[in-house]
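Trainee: Quick note on my numbering: the sequence shown kicks off at 105 and runs consecutively. Encoded as structure tokens, here's the structure I'll be asking about.
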Amino acid sequence: MSDRKYLYTERAHYMCPNMHFGIMAEIGAEFDANGINESIAVLKSAHPLMRSLIAEEQESSKVYYEEHPELEIPVTIKEAGDDWQADYETVSKAGWNVQKDALLKVFAYPSESGTRVLFITHHLLCDGRGLLQLVQEFAGHYVNGVKPHSVDEKLMESLDDLPSGSDLGFISKMLIKNANKNWRKEGHRVSYDEYLTFEREYDSKQNIKREIKNIDGEELDTLLAFCKGNGVSLNDYLVAKMMIDEGTDKVVIASDIRNKIKNYKEGALGNYATAFGVVVKKKSEIMELAKAVDSEVRNITAKPEKEMLVLSCYFNMEPELLDSIAVSTIGSFESRAGRFVGGKMFGYEKRDGHCITNLGRVDSNVISEAVFIPPASPANTKAWGVLTINKKMRICSIQSREDRDV
């Protein structure tokens, strides 16, 4: 019992729609359906979370990863020329029962360069960097027979796993303490079956537009030199560009914290990221705005109570209250506490947020290029997923246009 891997920060992804994302990668090797299945089996052997489903303890409200060694990762072999975006959309419309369906789905296509693969994962399996690692491990085995090292995932379990000083400030702590108190007074909870009914209705009405922008070679070199010459990162520039393009003064960015937390094991799957909002209200041209973004990011990442705010909220909140946030804010479940947290703290009421997740730059001799499709969180109206492989930057923009009467 004690060695069970429970959901703590991951609990926020358990009963929330659109908690999936993907990577489409071009791999320079002859298409081999048997080899694809073999490589997926090797990955499953290396990662316990890949062979796990989500289960609930009957005697408590705890939710955990339950290993099923016989669990099959669904691999769908497609024809050359098939539209991977249509396959991604099909998965998005179908919902995801994490108590019955594996946390990873794979599609494979013959392509001009050899092989194209689409990995779609539920957020309960990993974060964006984790999925990139998984795709790299797959390509390494598929092309060169390199087996990944087996890693026993160690997830974040308490505030003690975060950097010192990460706990909530007084006002935030009192808000959540009061929400927890009100939740307990309500005396009811959301069952997973109730949530799935809501998710199916939500998925049937959403309409998400995806576009991909390519920035390659000399164009990318010029952009990187422009940023370096002005003392800002490419990510600072992209945040500023989104602010200008979308007419917003706030963008939420994802932040990898593997080098800041105490229990991350190299190569492990799971969630080792946080997210924070960058707010710059002054209007200016893009590079001056990027410099202001850089200053704000530095200010936030230097203070654990700011950088780890969302994770601290998760640790301080009643797990069953976390379950209720989406379904009570944008569904029919009645909970004033859930609606307060979802609407006032997590943006599920207005649903007008903007977000960027940049997985960084990678040089690879087995992956020629790749696209990162970010999650379409109910809190956001626009999200960018950024990934650069071999000087080929791909920005996948997703725009949520769902029926707001869901």
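C-beta atoms are modelled at their ideal positions from N, C-alpha and C, and glycine is treated no differently. The model shown is predicted, which means the values in this text are computed figures rather than measured ones.
Is the beta carbon of GLU422 closer than 8 angstroms to that of ASN284?
Mentor: As a first step, residue 284 must be located in the sequence shown, where it is residue number 180. As a first step, residue 422 must be located in the sequence shown, where it is residue number 318. Contact: yes.
Trainee: Between the C-alpha atoms of GLY381 and ARG362, what's the straight-line distance to the nearest angstrom?
Mentor: Locating residue 381 in the sequence shown gives position 277, where the first residue counts as 1. Locating residue 362 in the sequence shown gives position 258, where the first residue counts as 1. The straight-line gap from Cα to Cα measures roughly 19 angstroms.
Trainee: Closer than 6 angstroms by C-beta to ILE477: which residues in its own chain qualify, once you throw out the five before and the five after it? Chain order, please.
Mentor: In the sequence shown, the residue the question calls residue 477 occupies position 373. Here the set comprises PHE125, GLY126, GLY489 and CYS500.
Trainee: Considering ASP320, what are the terminal residues of the beta strand (DSSP E) in which it resides?
Mentor: Here residue 320 corresponds to residue number 216 of the sequence shown, with the count starting at 1. Residues 312-320.
Trainee: Determine the closest residue to ALA187 out of LEU207, ARG220, SER262 and PRO173, with distance taken between C-alpha atoms.
Mentor: Mapped onto the sequence shown, residue 187 falls at position 83. Residue 187 is actually Asp in this sequence, not Ala. Taking only the C-alpha atoms, the option nearest ASP187 is ARG220.
Trainee: As a quick exercise: from ARG233, GLU130, MET497 and TYR169, pick the residue whose alpha carbon is nearest that of LYS317.
Mentor: Residue 317 sits at position 213 when you count from the first residue of the sequence shown. When each option's Cα is compared against that of LYS317, the closest is MET497.
Trainee: Assuming the contact rule is C-beta atoms closer than 8 angstroms, SER439 and GLU290 should be a hit. Round their C-beta distance to whole Å, please.
Mentor: Locating residue 439 in the sequence shown gives position 335, where the first residue counts as 1. Locating residue 290 in the sequence shown gives position 186, where the first residue counts as 1. SER439 to GLU290, Cβ: 6 angstroms. Contact.
Trainee: Between LEU328 and the rest of its own chain, which residues show a CB-CB distance below 8 angstroms, the 5 nearest in sequence each way excluded?
Mentor: Residue mapping note: residue 328 aligns to position 224 of the sequence shown, counting from 1. Same-chain partners within the cutoff: LEU338.
Trainee: Beta carbon of ASN311: closer than 7 angstroms to some heavy atom of the ligand GTP?
Mentor: As far as ligands go, the structure on display features none, and thus does not contain the ligand GTP.
Trainee: Please return the same chain residues whose Cβ sits closer than 7 angstroms to the Cβ of GLU171, not counting the five positions on each side in sequence.
Mentor: Stepping through the sequence shown from its first residue, residue 171 is reached at position 67. Correct list, in chain order: PRO152, ARG155 and SER156.
Trainee: CB ALA360 to CB TYR118, shorter than 8 angstroms?
Mentor: Within the sequence shown, numbered from 1, the residue matching residue 360 stands at position 256. Within the sequence shown, numbered from 1, the residue matching residue 118 stands at position 14. Reading off the sequence shown, one finds Asp at residue 360, where the question assumed Ala. No; because the gap between Cβ atoms is not below 8 angstroms, this pair is not in contact.
Trainee: Have a look at ASP507 and LYS332 and give me their C-alpha separation to the nearest angstrom.
Mentor: What you label residue 507 is simply residue 403 of the sequence shown in a count that begins at 1. What you label residue 332 is simply residue 228 of the sequence shown in a count that begins at 1. Because ASP507 sits at a pLDDT of 46, beneath the cut-off of 50, its placement in the model cannot be relied upon, and the point is left open.
Trainee: Rounded to whole angstroms, what is the Cα-Cα separation between VAL355 and ILE312?
Mentor: Position 251 of the sequence shown, counting from 1, holds the residue named residue 355. Position 208 of the sequence shown, counting from 1, holds the residue named residue 312. Taking the straight line joining both Cα atoms gives about 19 angstroms.
Trainee: Going by beta carbon distance, what residues of the same chain come within less than 6 angstroms of ASP509, once the five residues before and after it are set aside?
Mentor: The residue you call residue 509 lines up with position 405 of the sequence shown. At ASP509 the pLDDT is 44, less than 50, meaning the model places this residue with poor confidence and gives no usable figure here.
Trainee: Distance, Cα to Cα, MET123 vs LYS209?
Mentor: On the sequence shown, residue 123 is found 19 positions in, with the first residue counted as 1. On the sequence shown, residue 209 is found 105 positions in, with the first residue counted as 1. Rounded to the nearest angstrom, the two C-alpha atoms are 13 angstroms apart.
Trainee: For LEU130, list the residues DSSP reports as bridge partners.
Mentor: Looking up residue 130 in the sequence shown gives position 26. Before going further, note that residue 130 is Glu rather than Leu in the sequence given. Partner(s): ARG220 and GLU473.
Trainee: On the DSSP bridge assignment, give the partners of VAL382 in chain order.
Mentor: As a working note, residue 382 is residue 278 in the sequence shown. BP columns for VAL382 point to VAL355.
Trainee: Please name the residue, chosen from GLY447, LEU238 and LEU259, that lies closest to LYS251 on a Cα-to-Cα basis.
Mentor: Taking the sequence shown and counting its residues from 1, one reaches residue 251 at position 147. For LYS251, the nearest C-alpha among the options comes from LEU238.
Trainee: I need the straight-line Cα distance from THR301 to MET391, nearest angstrom please.
Mentor: Here the question's residue 301 lines up with position 197 in the sequence shown. Here the question's residue 391 lines up with position 287 in the sequence shown. Answer to the nearest angstrom: the Cα atoms are 46 angstroms apart.
Trainee: Exposed or buried, which one is GLN240 when buried takes at least 16 other CB atoms within 10 Å?
Mentor: Here residue 240 corresponds to residue number 136 of the sequence shown, with the count starting at 1. The residue in question, GLN240, is buried, as its Cβ has 16 or more Cβ neighbours within 10 Å.
Trainee: Am I right that LEU236 and LEU463 are in contact with their C-beta atoms under 8 angstroms? What's the rounded C-beta distance?
Mentor: For the purposes of this step, residue 236 is taken as the residue at position 132 of the sequence shown. For the purposes of this step, residue 463 is taken as the residue at position 359 of the sequence shown. Right, the Cβ-Cβ distance comes to about 5 angstroms (below 8 angstroms), so this counts as a contact.
Trainee: Tell me whether ALA151 sits in a helix, a strand or coil according to DSSP, three-state version.
Mentor: Stepping through the sequence shown from its first residue, residue 151 is reached at position 47. Rather than Ala, the amino acid found at residue 151 in this sequence is His. The answer is coil: DSSP assigns HIS151 none of H, G, I, E or B.
Trainee: Grouping DSSP H, G and I as helix and E and B as strand, with all else coil, what is HIS117?
Mentor: Your numbering for residue 117 matches position 13 in the sequence shown. Three-state DSSP puts HIS117 in a helix.
Trainee: List the DSSP bridge partners of GLU160.
Mentor: The sequence position of residue 160 within the sequence shown is 56, counting from 1. DSSP, once it has assigned bridges, lists VAL167 as partnering GLU160.
Trainee: What ranges does the alpha helix (DSSP H) occupy inside the stretch 382-451, keeping only unbroken runs of at least 4 residues that lie completely in it?
Mentor: As far as the stretch 382-451 is concerned, its whole alpha helix (DSSP H) runs of at least 4 residues are 390-405, 408-411, 413-420, 423-433 and 440-444.
Trainee: If you draw a straight line from the C-alpha of HIS253 to the C-alpha of GLY218, how long is it?
Mentor: Residue 253 sits at position 149 when you count from the first residue of the sequence shown. Residue 218 sits at position 114 when you count from the first residue of the sequence shown. If you take the alpha carbons of HIS253 and GLY218, they lie about 26 angstroms apart.
Trainee: Which of the three DSSP states is assigned to LEU463 in this structure?
Mentor: To locate residue 463, count along the sequence shown from 1; it is residue 359. In the structure shown, LEU463 sits in a strand (DSSP, three-state: E or B).
Trainee: For ALA150, tell me which candidate among LYS495, ALA394, LYS385 and GLU370 has the shortest Cα-Cα distance.
Mentor: Within the sequence shown, the letter at position 46 stands for residue 150. For ALA150, the nearest C-alpha among the options comes from GLU370.
Trainee: Do you know whose CA, among LEU175, LEU263, GLU216 and GLU176, lies nearest THR113's CA?
Mentor: Here residue 113 refers to the residue found at position 9 when the sequence shown is read from its first residue. Cα-wise, what sits closest to THR113 is LEU263.
Trainee: Who are LEU491's beta bridge partners in DSSP?
Mentor: In the sequence shown, the residue the question calls residue 491 occupies position 387. In DSSP, LEU491 forms a bridge with ARG498.
Trainee: Which residue wins for smallest C-alpha separation from TRP200, given the options PRO121, LYS385 and LYS345?
Mentor: In the sequence shown, residue 200 corresponds to position 96, counting from 1. Cα-wise, what sits closest to TRP200 is PRO121.
Trainee: Can you list, in chain order, the residues of its chain whose CB lies under 8 angstroms from that of GLU400, leaving out five sequence neighbours each side?
Mentor: Position 296 of the sequence shown, counting from 1, holds the residue named residue 400. The residues are VAL382, VAL383 and VAL384.
Trainee: If the criterion is Cβ atoms closer than 8 angstroms, does the pair LYS366 and ASP265 meet it?
Mentor: As a first step, residue 366 is located in the sequence shown; it is residue number 262 there, counting from the start. As a first step, residue 265 is located in the sequence shown; it is residue number 161 there, counting from the start. In contact: LYS366 and ASP265 (Cβ atoms closer than 8 angstroms).
Trainee: Which first and last residues belong to the alpha helix (DSSP H) in which VAL239 is found?
Mentor: Taking the first residue of the sequence shown as position 1, residue 239 is located at position 135. Where VAL239 is concerned, the enclosing alpha helix (DSSP H) stretches over 232-248.
Trainee: Whose C-alpha, out of TYR299, ALA474, LEU229 and ALA394, is nearest the C-alpha of PHE437?
Mentor: In the sequence shown, residue 437 corresponds to position 333, counting from 1. Selected option, being the one with the closest Cα: TYR299.
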